[in-house]
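Structure first, then comments.
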Amino acid sequence: MNKSLLPTFIMSVALLVSACSNKEEKYIYVLDSCSWVRIIYLTDHDIDVLDRQTKRDILAHNKSVQANCLTKPTNNR
Numbered sequence: 003m004n005k006s007l008l009p010t011f012i013m014s015v016a017l018l019v020s021a022c023s024n025k026e027e028k029y030i031y032v033l034d035s036c037s038w039v040r041i042i043y044l045t046d047h048d049i050d051v052l053d054r055q056t057k058r059d060i061l062a063h064n065k066s067v068q069a070n071c072l073t074k075p076t077n078n079r
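Just remember that the numbering used here sits 2 ahead of the position in the sequence shown, which is counted from 1.
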C-alpha cells in the first residue's frame, strides 16, 4: 500500500467504526414550560425610576405568569 494513502485509509476505517457505536444520546426534556419564568418584583425605587410602558410590560408579564403558570388551589370536598 502506498505510504501517502495509509493515513487516509486509517482515518476512513476509524470513521466507519466510530459511526457504528451503540452509545445512546441523552436528551433533556423540559416538562414544565413555566420552569424558567418567574414573577418580577419591583422595589419602591424601581417604581419611581421606571417609565410607564415598562411598568405596564412588567404587569402584563406578571399577569401572564399568574394565569398560566401558578398552580391554582383546588377545593376538593
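Glycine residues also receive a C-beta, built at the ideal position from the N, C-alpha and C atoms.
The beta carbon of isoleucine 49 lies closer than 8 Å to those of Lys57 in the same chain, with the five residues before and after it left out.
Closest by C-alpha distance to alanine 69, out of Glu26, Val39, Leu7, is Val39. Annotation: the continuous alpha helix (DSSP H) that includes leucine 61 extends over 54 to 70. In terms of Cβ geometry, valine 67 and isoleucine 30 do not form a close pair [threshold 8 Å]. If you draw a straight line from the Cα of leucine 72 to the Cα of serine 35, it is about 12 Å long.
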